[in-house]
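Undergrad: Residue numbers (UniProt numbering): 1 to 299.
Mind having a look at this structure? Questions to follow.
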């Protein structure tokens, strides 16, 4: 993935739910402080119910940004809902000639998966451009800047205080990091979800009822979408209340233990103020014993 440099142009687009203009401007100031030039797509502030405007307009803005040679990176203004309505219509062949990073997470996972599957574009899983953005810590913002503007290895250390840390097993695994938001992984299955054979599966989630959480895991496992995975990385699982005897942790253990692969939980990735940035599609090593996820740019 090409690095960003001062004076590079980046563009905000709204492929999912609507966003307030003031929120985007606050985030744009962060990028300007990094020396970047910021543009905003024509339909970024459109509204149509829970969507940021008509599908055709959102698609046009996203495709234009991904293909415009002046634009070096594309920032989704937020997630929410709706990326899955346009992901299949992107001009993948054209994008593959000059792939560039799309920065976002949550609902944007659908776009990350489709772009990796169809054009080989690396996705940037970051919370700068979402509802979490206005409360992000300096650690989270610095993590994104380092990933976008430095060729240092991406290193994320697990935090045993994060609930999913209880899932950690032992061992080491290597493969492309594929996944993100659990809802979008399940939504993409069968049409935008790349093969996970030999991959590290990344899971984070937000505001799922325990029954929904259970349903998504069951579908992914029973339909064979997780067959052949090399390892599993688990971040924040936010807003899924326990329904004894079931919890998000117990369901993950039930569904994932049978794969017999290393699991690294406790990763500060997902819906949280301290969320770290990782690259979707990049070669990744997880070491459950050391508690690290590493993406070496030289690989």
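Cβ atoms here follow ideal geometry from the backbone N, Cα and C, with glycine treated the same way.
1. Look at the alpha carbon of residue 175 and the alpha carbon of residue 220, and state the distance between them as a whole number of angstroms.
2. With 16 other CB atoms within 10 Å as the buried threshold, where does residue 271 fall?
3. Indicate the three-state DSSP secondary structure (helix, strand or coil) for residue 118 in the structure shown.
4. Between residue 141 and the rest of its own chain, which residues show a CB-CB distance below 8 Å, the 5 nearest in sequence each way excluded?
5. Rounded to whole angstroms, what is the Cα-Cα separation between residue 46 and residue 19?
6. For residue 247, does the three-state DSSP call read helix, strand or coil?
7. Would you mind listing the beta strand (DSSP E) stretches within the stretch 2 to 80 that are 3+ residues and don't spill past its ends, in chain order?
8. Give me the Cα-Cα distance between residue 190 and residue 59, rounded to the nearest whole angstrom.
9. Taking the alpha carbon of residue 166 as the point to measure from, which residue in 265, 24, 38 has its own alpha carbon closest?
10. Could you check whether the stretch 93 to 105 touches the stretch 35 to 51, counting it as contact only if at least three pairs of C-beta atoms, one from each stretch, sit closer than 8 Å?
11. Leaving aside the five residues before and after residue 88 along the sequence, list all residues of the same chain whose C-beta is less than 8 Å from its C-beta, in chain order.
12. From the DSSP output, in three-state form, read off residue 299 for me.
13. Return the first residue and the last residue of the alpha helix (DSSP H) that residue 214 is part of.
14. By DSSP's criteria, residue 278 is part of a beta bridge. Which residues make up the other side?
15. Excluding the 5 residues preceding and the 5 following residue 218 in the sequence, name in chain order all residues of the same chain whose CB lies nearer than 8 Å to its CB.
16. Does the Cβ of residue 214 have 16 or more other Cβ atoms within 10 Å, making it buried, or fewer, making it exposed?
17. Taking buried to mean at least 16 other C-beta atoms within 10 Å of its own C-beta, is residue 84 buried or exposed?
18. Cα separation between residue 178 and residue 242?
19. Between the stretch 137 to 154 and the stretch 221 to 236, are three or more C-beta pairs nearer than 8 Å?
20. Hey, would you say residue 111 sits closer than 8 Å to residue 4, going by beta carbons?
21. Roughly how far, in whole angstroms, is the beta-carbon of residue 155 from the beta-carbon of residue 286, given that I think they are within contact range, below 8 Å?
22. Considering only C-alpha positions, which residue in the set 234, 229, 170, 282 is nearest to residue 252?
23. Whole angstroms are fine: how far does the CA of residue 65 sit from the CA of residue 93?
24. Excluding the 5 residues flanking residue 170 on each side, which residues of the same chain have their C-beta closer than 6 Å to its C-beta?
25. Can you tell me whether residue 108 is helix, strand or coil according to DSSP?
26. Consult DSSP for residue 141 and reduce its assignment to one of helix, strand or coil.
27. Helix, strand or coil, according to DSSP, for residue 287 in the structure here?
28. With a 10 Å radius around its C-beta and 16 neighbouring C-beta atoms as the bar for buried, classify residue 150 as buried or exposed.
29. Counting along the chain, where does the beta strand (DSSP E) carrying residue 157 start and finish?
30. Quick check on this structure: which residue in 90, 143, 126 has the alpha carbon closest to the alpha carbon of residue 117?
TA: To lay it out plainly:
1. 19 Å
2. buried
3. helix
4. 30, 128
5. 8 Å
6. coil
7. 9 to 13, 37 to 40, 71 to 76
8. 21 Å
9. 265
10. no
11. 114, 191, 192
12. Low local confidence applies: a pLDDT of 43 at residue 299 is under 50, so the model's placement there is unreliable, with the coordinate-based value given in what follows. Three-state result, residue 299: coil.
13. 210 to 222
14. 125
15. 255
16. buried
17. buried
18. 27 Å
19. no
20. no
21. The Cβ separation is near 11 Å, so there is no contact.
22. 234
23. 15 Å
24. 288, 289
25. helix
26. helix
27. strand
28. exposed
29. 154 to 157
30. 90
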